[in-house]
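Here's the structure we're looking at; comments come further down.
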């Protein structure tokens, strides 16, 4: 094998110096902290192979709560102008690694999602409207999906993926199960499939050390190509015809073979002296000789002479320094209809950037502007029909006085007129019959006694010994006696749990709780004035309780509440019975169903009901305000919908019904948050927030209708 090393020798020292300096400045690993808004954080992306005609794309982004919620799979059918959440059937608690679309999507409508955390593959055969596990033949240890590619065959497709241990698997549309192609000793880290796979059956794999193997019969037999780069390989691309191969490397730029991998030379005039982490070839390469790539800190470079010379076209994507360096520029792709539409996709941690003119100019497709993050209903909802919705990069706080039909902007101070981010609000009915609204945004908390017309706003100080940033908030719970005790608990992303006892003038950091796990839910006893009890749960799967008004918090349920997933991904929700003074009932929603306590949180029992217990992934639990009489709770289950369930005297589920089966089944509507009317006994009202729409039921969830659009 021949390798041209002239350029390598002249630039090796300089490249190593640049790379070393970069990693020292950014850190080899980083927290997924959101540096600016709107921060789309594209985790995975795939475009329809018929994009020029159907304008269809799929992406996975961090969840709508912007701090703790599950990743969401979304679809756009208008080139990225609008996005919908396609949640139906995605009932797992795991993170994603990759999205891919069948080459025959126009006819088979098939999409694949690969999961981390031993979740395997999910498949949809109706463009994402319904997802199902696609794991037959895989052992649990094979279900950590790292890389996935889909090739076109004569009549269908074949999928290849490499799993966490480095084994390679394949499955065609006619196969009943997955077949292992290469075992874990091969340590497969990257896959490239020939655009002409239907006729040449060619693919190339790279090991985690950069060793290449090539197959020309779909993975049955392999040709050893050795390690032509002397380093690892970040990405690979095969040009139409399968003779030309491009390798992106961390140390020596781009390697090129014009003879199917027999020999390689180092290419890359005009490329920066830093790692090249993505490379993609035009489907029309035989005519236009066009190749695209990104470096560790710059995007996008374009070559129209087969990679000999490159020009940088600024995509607008920035290095956020809020994730690992390789996660910044993630999955550069060229439209398969590039000859017609000239479209290039750059999904990165900073968002999705699209060029419609071959990379010359770029525009970001916003997926999160104006999305809903929370709801609150008036304590007199049956008569005044008032509600509040909070939004991300939008109005911030939107107010409706007609049940959600029309909305106005609240009086929260906003002298700059910028779009605002709020994550939740709460309405407390005071003893005199008036109402107080409590809400918060990063670094600030406010209260209003005139339903949002005016606010008293307090700054939440920085805790410099923990972080220099503003406190980034995730959960809110105000005391039911706020008018007199002025107490609020705030959950945060990186500061644990905060408490104020004077409506925000001063703050206490609950130092008994960990600060390195985001708080996902906080709940206060309705009898707080007497029992001083509150609960907080976090992403580590922990339940914390105070029984002295926040003076001390102790962890409860450590030995009995068991979840799937791993620390950092075990989202939880906590709810306290309206009859807590009598029944001491607390419910916790986990990644594996509901746990209940009938002694105020000291001991816990797992719910076994198949719909909301067992392995159901719980998003939210709420008690009916009339629980003492109707024994009803409502449970939002990931990928399945909102269930109404009845409990017996011991707090166990006796029956349940999916109240939103039609919504999630026909419209892919999954609620970000829902609220039950405080006057539910009189009006049977439930309100749910989807991405941008408010849905309302006036019959306990039997029927639903769109109520309005808070950010319009």
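Residue numbers (the UniProt record's numbering): 1 to 712.
Here a beta-carbon is modelled for each residue, glycine too, at the ideal position from N, C-alpha and C.
CB of residue i within 8 Å of CB of residue j, strictly
{"i": "residue 399", "j": "residue 412", "result": "no"}
{"i": "residue 205", "j": "residue 168", "result": "yes"}
{"i": "residue 373", "j": "residue 422", "result": "yes"}
{"i": "residue 128", "j": "residue 121", "result": "no"}
{"i": "residue 623", "j": "residue 686", "result": "no"}
{"i": "residue 79", "j": "residue 55", "result": "yes"}
{"i": "residue 137", "j": "residue 181", "result": "no"}
{"i": "residue 164", "j": "residue 188", "result": "no"}
{"i": "residue 716", "j": "residue 668", "result": "Look at the range of the chain in this structure, 1 to 712, and you will see that residue 716 is not part of it."}
{"i": "residue 491", "j": "residue 475", "result": "yes"}
{"i": "residue 52", "j": "residue 96", "result": "no"}
{"i": "residue 381", "j": "residue 133", "result": "no"}
{"i": "residue 393", "j": "residue 419", "result": "yes"}
{"i": "residue 40", "j": "residue 351", "result": "yes"}
{"i": "residue 130", "j": "residue 565", "result": "no"}
{"i": "residue 442", "j": "residue 473", "result": "yes"}
{"i": "residue 371", "j": "residue 640", "result": "no"}
{"i": "residue 656", "j": "residue 599", "result": "no"}
{"i": "residue 404", "j": "residue 708", "result": "yes"}
{"i": "residue 601", "j": "residue 582", "result": "no"}
{"i": "residue 467", "j": "residue 494", "result": "yes"}
Residue i burial status per 10 Å Cβ neighbour count (16 or more: buried)
{"i": "residue 717", "result": "Only positions 1 to 712 of the chain appear in the structure, and residue 717 is not among them; the question remains open."}
{"i": "residue 453", "result": "exposed"}
{"i": "residue 555", "result": "exposed"}
{"i": "residue 21", "result": "Any reading at residue 21 must be qualified, since the residue scores a pLDDT of 32, below 50, and its modelled position is unreliable; the value itself is stated next. Exposed."}
{"i": "residue 49", "result": "buried"}
{"i": "residue 584", "result": "buried"}
{"i": "residue 36", "result": "Its pLDDT being 48, under 50, residue 36 is placed unreliably in this model, and the value from its coordinates should be taken loosely. It is exposed - the Cβ of residue 36 has fewer than 16 other Cβ atoms within 10 Å."}
{"i": "residue 702", "result": "exposed"}
{"i": "residue 250", "result": "buried"}
{"i": "residue 27", "result": "The pLDDT assigned to residue 27 is 28, lower than 50, so where the model puts this residue is not dependable; a value taken from the coordinates is nonetheless given after this. With fewer than 16 other Cβ atoms within 10 Å, it is exposed."}
{"i": "residue 499", "result": "buried"}
{"i": "residue 636", "result": "buried"}
{"i": "residue 607", "result": "buried"}
{"i": "residue 29", "result": "Bear in mind that a pLDDT of 28 at residue 29, under 50, signals an unreliable position, so the number given afterwards is only what the model happens to contain. Residue 29 comes out exposed."}
{"i": "residue 511", "result": "exposed"}
{"i": "residue 699", "result": "exposed"}
{"i": "residue 672", "result": "buried"}
{"i": "residue 617", "result": "buried"}
{"i": "residue 311", "result": "exposed"}
Proximity winner among the options, relative to residue i (alpha-carbon distances)
{"i": "residue 289", "options": "46, 258, 298, 164", "result": "258"}
{"i": "residue 367", "options": "704, 63, 674", "result": "63"}
{"i": "residue 147", "options": "234, 510, 464, 125", "result": "234"}
{"i": "residue 58", "options": "324, 101, 96, 90", "result": "101"}
{"i": "residue 383", "options": "82, 693, 80, 681", "result": "681"}
{"i": "residue 659", "options": "688, 631, 651, 649", "result": "688"}
{"i": "residue 536", "options": "547, 237, 529, 440", "result": "547"}
{"i": "residue 485", "options": "543, 497, 465, 550", "result": "550"}
{"i": "residue 313", "options": "277, 345, 322, 361", "result": "361"}
{"i": "residue 225", "options": "216, 444, 211", "result": "211"}
{"i": "residue 345", "options": "639, 278, 370, 545", "result": "278"}
{"i": "residue 184", "options": "156, 142, 171, 177", "result": "142"}
{"i": "residue 252", "options": "230, 239, 418", "result": "230"}
{"i": "residue 629", "options": "577, 642, 513", "result": "577"}
{"i": "residue 386", "options": "217, 450, 711", "result": "450"}
{"i": "residue 155", "options": "162, 174, 161, 170", "result": "174"}
{"i": "residue 455", "options": "462, 494, 397", "result": "397"}
{"i": "residue 478", "options": "435, 468, 462", "result": "435"}
{"i": "residue 335", "options": "256, 355, 83, 390", "result": "355"}
{"i": "residue 675", "options": "644, 666, 431, 664", "result": "644"}
{"i": "residue 241", "options": "216, 228, 264", "result": "216"}
{"i": "residue 445", "options": "429, 507, 405", "result": "507"}
{"i": "residue 605", "options": "276, 544, 596", "result": "596"}
{"i": "residue 580", "options": "695, 221, 293, 525", "result": "525"}
{"i": "residue 483", "options": "309, 427, 317, 177", "result": "427"}
Whole-number beta carbon distance between residue j and residue i, since they are thought to touch under 8 Å
{"i": "residue 437", "j": "residue 488", "result": "Their Cβ separation, rounded to whole angstroms, is 12 Å, which puts residue 437 and residue 488 out of contact at 8 Å."}
{"i": "residue 118", "j": "residue 140", "result": "5 Å"}
{"i": "residue 158", "j": "residue 172", "result": "4 Å"}
{"i": "residue 574", "j": "residue 523", "result": "5 Å"}
{"i": "residue 332", "j": "residue 401", "result": "About 48 Å separates the two Cβ atoms, so there is no contact after all."}
**Asked** Are the stretch 188 to 200 and the stretch 105 to 114 touching by the rule of at least three beta carbon pairs closer than 8 Å?
**Response** no
**Asked** Using 8 Å as the threshold, is the stretch 237 to 254 in touch with the stretch 185 to 196, meaning 3 or more CB pairs across them?
**Response** yes
**Asked** How about the stretch 272 to 279 and the stretch 293 to 307: do they share at least three Cβ pairs that are nearer than 8 Å?
**Response** yes
**Request:** Would you check if the stretch 557 to 566 and the stretch 511 to 521 touch, i.e. whether three or more CB-CB distances between them fall below 8 Å?
**Result:** no
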